[in-house]
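Below is one structure, written out as structure tokens; the observations come after it.
Residue numbers (our numbering): 381 to 561.
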């Protein structure tokens, strides 16, 4: 009788796919490309002389701060998922708790997660999340990425503002229901 040996997860553990899903390389490369393009156009607009040296010195910090700056907006969006449960735990009558929880779920949680344009409340919430992320991107770029540069203060502010506005997480508005239905 021949004995077979099966080796599972020898090359890559399955749980690693949850931490680094297959789409991550595309997201990382896309963000790097967009950040690079916006930085180049900003340097060109501001008349920065040695673009190549400036790019090499700052692009990785800008790229990393881009992900860090998006995080507060992501957390604000995730907050809606918990709000329904919190609303249903309020010290109100059973009918009032259910009404508030249903309102939050129907007008905020579900639309934010699946179809933002089905509720004005979801559009406002997502707009706030994008604005929060853009503000954080501006602050991170201005105070961290361009802190030790030869740029004038006005140039730092304009380049930070350009990076924040163009690279803000506008895809928060993308209805995820397109991918599930």
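The beta carbon of each residue, even a glycine, is placed where N, CA and C say it ideally should be.
Quick caveat, the model's predicted, so the values are computed rather than measured.
Spatial distance of residue 393 from residue 459 (CA atoms): Here residue 393 refers to the residue found at position 13 when the chain shown is read from its first residue. Here residue 459 refers to the residue found at position 79 when the chain shown is read from its first residue. Residue confidence is low: residue 393 scores 48 on pLDDT, short of 50, so the model does not pin down where it sits. Its coordinate-derived value is still stated next. So the two alpha carbons sit approximately 31 Å from each other.
Opening and closing residue of the alpha helix (DSSP H) in which residue 554 lies: Within the chain shown, numbered from 1, the residue matching residue 554 stands at position 174. Residue 554 -> no alpha helix (DSSP H), and no H or E assigned at all.
Inter-residue Cα distance where the pair is residue 501 and residue 429: Taking the chain shown and counting its residues from 1, one reaches residue 501 at position 121. Taking the chain shown and counting its residues from 1, one reaches residue 429 at position 49. Their Cα atoms are separated by approximately 46 Å.
The region 448-455 touching the region 491-499, judged by at least three CB pairs closer than 8 Å: no
Coarse secondary structure for residue 526, derived from DSSP in three states: Residue mapping note: residue 526 aligns to position 146 of the chain shown, counting from 1. If DSSP states are grouped into helix, strand and coil, residue 526 belongs with coil.
Residue span of the alpha helix (DSSP H) that contains residue 474, given as start and end: Translated into the one-based positions of the chain shown, residue 474 becomes position 94. It spans 474-484 - the alpha helix (DSSP H) in which residue 474 sits, taken as one unbroken run.
Straight-line gap, residue 482 to residue 508 (C-alpha atoms, nearest Å): Counted from its first residue, the chain shown places residue 482 at position 102. Counted from its first residue, the chain shown places residue 508 at position 128. Using only the alpha carbons, I get a separation of about 22 Å.
Three-state secondary structure (DSSP) of residue 533: As a position in the chain shown, residue 533 is number 153, starting the count at 1. Three-state result, residue 533: helix.
Validate contact between the region 509-519 and the region 536-552 using beta carbons, cut 8 Å, 3 pairs: yes
Same chain only: Cβ atoms within 6 Å of residue 480, ignoring 5 sequence neighbours per side: Taking the first residue of the chain shown as position 1, residue 480 is located at position 100. Hits under 6 Å: 467.
First through last residue of the alpha helix (DSSP H) which encompasses residue 424: Position 44 of the chain shown, counting from 1, holds the residue named residue 424. From DSSP, the alpha helix (DSSP H) with residue 424 extends over 404-426.
Burial state of residue 456, where buried means 16 or more other Cβ atoms lie within 10 Å: Taking the chain shown and counting its residues from 1, one reaches residue 456 at position 76. So residue 456 ends up on the buried side.
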